[in-house]
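First to last, the protein sequences are chains A and B. For what it's worth, the working numbering labels the leading residue of the first sequence as 1, then goes sequentially. For what it's worth, the working numbering labels the leading residue of the second sequence as 1001, then goes sequentially. Backbone N, C-alpha and C define an ideal beta-carbon position, used for all residues, glycine too. First the structure, in the form of structure tokens, and then the observations on it.
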Amino acid sequence: MKPVLHTEDLTVAFGGVKACNGISLDVYEGELLGLIGPNGAGKTTFINAVTGFVPWSGEVQFDGSSLKGLPPHRIAHRGLSRTWQSLELFGDISVRANLEVAATKLTPMMAIRDYFGSSERVAERVDETLAVLEMEDIVDERPDDLSMGYRKLVGVARALVAQTKLVLLDEPAAGLDRNETTWLAERLRQVIDFGISVLLVDHDMGLVLNVSDRIHVIDFGKTIAIGSPSEIRDNEAVIGAYLGAGGGDE
Amino acid sequence: METYLQFMLLGLGSGVIFAGLALGLVLTYRASGVVNFAHGAIAMYSTYIFSSLVDDGQYPIPPLPNLLSMIEAVLGWFGIQVDLPDIPPFVQLGDPWSWPMALIGALATAGLLGFLFHYLVFRPLRYQPPLSKVVASVGLMLMLQAAIVVRFSNRPRNVAGLLPQDGVDVLGTTVPADRFYLLAAILVATALLYLVFQRTKFGIKTRAAAENEQFATLLGISADRIAAVNWILAGILAGLVGILAAPITGLNPLNMTLFIIPALGAALVARFQSFWIAVWVGLAIGAGQSLLQIMEIRLPWIPDINLSQGLPLVVIAVAMMARGQVLPSRGAIERGRLPMALPTRIRPRLMTFWILFAAAILIWAPFVWRQATINTLIGAVLALSLIVVTGFSGHISLAQLSLAGIAAFMLSSLATDAGWPFPLAPIFAALVATGFGIVIGVPALRVRGASLAIITLAAGVAIEVFLFKSDGWFAGDSTRHVADPSLFGIEFGPNSPFFFGDGKVPSPAFGLFVLFMFTLAFVAVIRLRQSMLGEQMLALRANERAAAAAGVNVTSIKLAAFGIASFLAGIGGTLTAYKFGTFNMASFGVLGSLSVFAFSYLGGIATVSGSLYAGSLFPESIGTLAFEKLFFPLGRYEAYLAGLFLIVTTLVQPEGIDVFDRRERRRIGWGFVLLWRKATGNPDRTKPDWVERIYPEPKHKKGMRPSPPATVDAATTHEDGGS
């Protein structure tokens, strides 16, 4: 199998602090990779780096080509999308418009043709995504008027609706109750069935251990373990760094 | 060489005002996160108070809406003439005051203004997005400026000098002593402020609140009270420098109000943080401007293009380009939302009705109404331009009328001087405005919110002084002829013959032409709101970061918004030029830009139909004409009321008249339907479609938001996940 995302020695430095210190990881096609680590381990920085929001050194290859120097929207156009820990939805336009914006790769020509009403809209893809994530009844709402669970879902939907090959999910379960988390886990497995790879960052160990195919553990910007959920559960280094004396947060 | 030194020292006079205002800007920003565009207006206002007290012993009463004159007007409809008391414009407080008393009176006013700004305007707005705060402070600026124009007229006023003027010899040149007293005063003030902020508990509390308002509040610091004290201090400081320096800089309602621009430049370089940097840069701008003035005269190789006036813009642009988003964030709580961008649909039957109605007025109504309709429609085109750039893409532009002026000037050059035929000349003129607009939009790639308002305001002033007023480019004449438009031998300018009517200017033919242009622009912007481009602009407005991550090319969309808006402004400018038959730079000044912004915001900045309300608020438009016919002539009160209502709008109805009107139409219309059904015994409670179309109510209020369905059987698998 070939990796859809391949990072080698990815390093992000803020002044003297290295938020990511030489992280090398692979996400394979059709895989759900969990990325975990204690607070401040560099998980969100990793996502920010890969999606073009902070400068980095090392190498990031997506779908066989380097992402070096690409601005965020170009990276998104290649099929790499993300969600945000703090959601960052377009709060005052409808859910459908949220998805339409993300689904469109707007070129000047296309903008003009669309303006004069002669370009095919992305409605089909939007409808499909809405159906998969069972959110047809909220299409006309504005995200500001939705519950946290639905807002998270809109974030995920927005990341999936573009012709996405890989989606990076930043803490999708934060702020959700147990029922909603379970429901989210199901949706994530569904996403994999559609041939989209997922990199999942979350604090909810239950969720990550449960839905991931493989898990990558980082601490202080460095990789400390890679393996299947059961291997990670028994890994001494991980227990030491992450689970601590309590033996898990569930 | 001595002359240059002398001029630099002379320039310290205005430099001290810039520095004092910049200090106040830093104070209020640190205290409450507000960039106060009306700070120069506080200085101007208090200086007028001082001057009025010293010269005449009179204290001007700010113009207040007098309900009694409303009653007079209403009684007048029934032929009853009554003379109810008016609010007097001044209170006579004995003989002319001595200067120390007058100074105290004026500074008390300045402090009170600072306090009222905070207490009545910015405190209620503290959780609102930056856009609302900028709009409110622009409203205050317009209002104070207009209040003084109403009371004292536009004429420059001589202010009694308090500081000794005798010459002092410095390095072989003579400079009046007041410059040095002023310099000493501002440096002492800065040192005091610096010590207070470093050493006293109050200063530390202010700094804590500036660092993170939320945490400071949790620590029991009343961010509110601290802000109030800082606002009062800033107000007094502004009043003081205004009064002391007015004999040097001269005083009229506009000049000191616009000293805010160099002051903003100085505050920007200081990142709205450092008192010392703000003061030194303010002084340097003053000295530099004076130096450039003499260099323009003395040195033949320096073009005579008011370079000195452009210095603040250069400082602002360099500060922004070098630093990007310079305003430090405050960890403030923000829970307000931007004006809702409700879509406007194209409803062919309704639109045809209104177009025919407007055409009927243009053809048959008396010429005052014809003129008012034309003014309304041109105003609406200008408002559409702001709806695109501010309403859709979320960028404040305070230079739209200046852009319109560029198009108007180009039209006079192309159509009249170069003889270009009709559609080509205005289109090309609007395209030139588009080019300038895109250049103004470039800073928007790095900054937004208040910073962008600052740079566009400075750009508007720069266009005025560089392009309209200087001899360099636009040949310096303030009025130029614009020929009537004609196509295929049919003329449709304001002086063109029309087969029907009273033959007065403006001709109905011109009215129909304006109506046609407005309709085109209106439909074009409705279409933009529905198109993918429009959706991307709204996404950008909501969240720039997320828009980039979702594949929106932020750079292109921003420049597109500025470009489209500038083209519309350009069209508005060409229509204005045709209307007057001349290019007159007086109709495209900076205050005009601010008023256009105010009217557009009032009408409804984020909805296309808001442009018509905006148009009806312009001077001599249908709305104002109707008001004047019904009640009393507005005259100089118009700008004052515009500022006042702008502030009220941001406070109580941030979405503007249009959304307010839609919501009320929905409420009242639906109420009538229910009443009718009750009367006819119809138990049906379903809402007809039009109810939602007029104004879509949020379906879920807080506390009853929909949640995703919970799947019970999957919960077991989840339980396994724990260790």
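Boundaries of the alpha helix (DSSP H) harbouring Arg113/A: Pro108 to Tyr115, taken from the DSSP string. Here Trp1364/B is exposed. Its C-beta has fewer than 16 other C-beta atoms within 10 Å. Buried is the label assigned to Arg1662/B, since at least 16 other Cβ atoms lie within 10 Å of its Cβ. In the DSSP assignment, the residues bridged to Ser197/A are Leu166/A. With respect to the 7 angstroms criterion, Leu166/A and Leu5/A are classified as neighbours on the basis of their beta carbons. Using beta-carbon distances, Lys18/A does not count as an interface residue toward chain B, since no partner is under 7 angstroms.
For a Cβ distance threshold of 8 angstroms, residue set Ala1341, Glu1535, Leu1538, Ala1539 and Ala1542 of chain B lies close to Ile93/A, ordered along the chain.
A distance below 6 angstroms between beta-carbons, with the five flanking residues on each side excluded, links Asp213/A to the following residues of its chain, in chain order: Glu31 and Leu32. Within the DSSP secondary-structure output, Val12/A pairs in a beta bridge with Cys20/A.
Residues of chain B with a Cβ closer than 9 angstroms to the Cβ of Ala97/A are, in chain order, Glu1535, Leu1538 and Ala1539.
Between Phe1510/B and Phe1488/B, the C-beta gap is not smaller than 7 angstroms, which leaves the two residues out of contact.
Judged by DSSP in its simplified three-state form, Pro3/A adopts strand. Straight-line spacing of the CA atoms in Asn1252/B and Gly1572/B works out to 29 angstroms. A Cβ-Cβ separation of about 5 angstroms places Arg96/A in contact with Val139/A under the 8 angstroms criterion. For Asp127/A, the nearest beta carbon of chain B is not closer than 7 angstroms to its own beta carbon. Gln1092/B is bridged by DSSP to Gln1058/B. Taken through DSSP and simplified to helix, strand or coil, Asp26/A comes out as strand.
Counted as a single uninterrupted DSSP element, the alpha helix (DSSP H) harbouring Ile1438/B occupies residues Leu1424 to Gly1441. For Thr45/A, the closest Cβ of chain B is not nearer than 7 angstroms. Partner residues in the beta bridge of His216/A, as assigned by DSSP, are Leu35/A and Ile226/A. Against Ala1444/B, chain A offers no close residue; the least beta-carbon distance is about 16 angstroms (beta-carbon pairs closer than 9 angstroms). Residues of the same chain with a CB within less than 7 angstroms of the CB of Asp92/A, apart from the 5 flanking positions on each side, are Arg142 and Asp144 in chain order. Counting only the Cα atoms, Leu1144/B lies some 21 angstroms from Ala1227/B. Under the rule that a run must span 4 or more residues, the alpha helix (DSSP H) segments found entirely inside the stretch 67 to 149 of chain A read 72 to 77, 95 to 103, 108 to 115 and 123 to 132.
In this structure Leu1023/B does not touch Phe1422/B by the C-beta definition: roughly 53 angstroms separates them, more than the 8 angstroms allowed. One thing to note: Ala1238/B has its Cβ within 7 angstroms of the Cβ of Ala1043/B.
Linking Val27/A to Leu1116/B through their CA atoms gives a straight-line distance of about 59 angstroms. When the beta-carbon positions are compared, Ala1270/B and Ala1278/B come within less than 7 angstroms of each other. For Gly1551/B, the neighbours in chain A by C-beta distance under 9 angstroms run, in chain order, Pro72, His73, Arg74, Ile75, Ala76, His77, Ser81, Val101, Ala102, Ala103, Thr104, Lys105, Leu106 and Ala162.
For Glu59/A, there is no enclosing alpha helix (DSSP H); the enclosing beta strand (DSSP E) covers residues Ser57 to Phe62. For Phe90/A, the C-beta contacts it makes with chain B under 8 angstroms involve Leu1538, Ala1539, Ala1542, Asn1543, Ala1546 and Ala1547, in order along the chain. Identification of chain A residues near Arg1527/B by a Cβ-Cβ cut-off of 9 angstroms yields Tyr115, Phe116 and Gly117, ordered along the chain. The count of Cβ pairs closer than 8 angstroms, one atom from the stretch 1594 to 1607 of chain B and one from the stretch 1638 to 1654 of chain B, reaches three, so the stretches are in contact.
Residue-level contact check: Met1532/B touches chain A, since one or more beta carbons of chain A fall below 7 angstroms from its beta carbon. For Trp84/A, the residues of chain B that pass the 7 angstroms Cβ criterion are Ala1546, in the order they occur in the chain. The count of Cβ pairs closer than 8 angstroms, one atom from the stretch 1366 to 1374 of chain B and one from the stretch 1536 to 1555 of chain B, stays below three, leaving the stretches out of contact.
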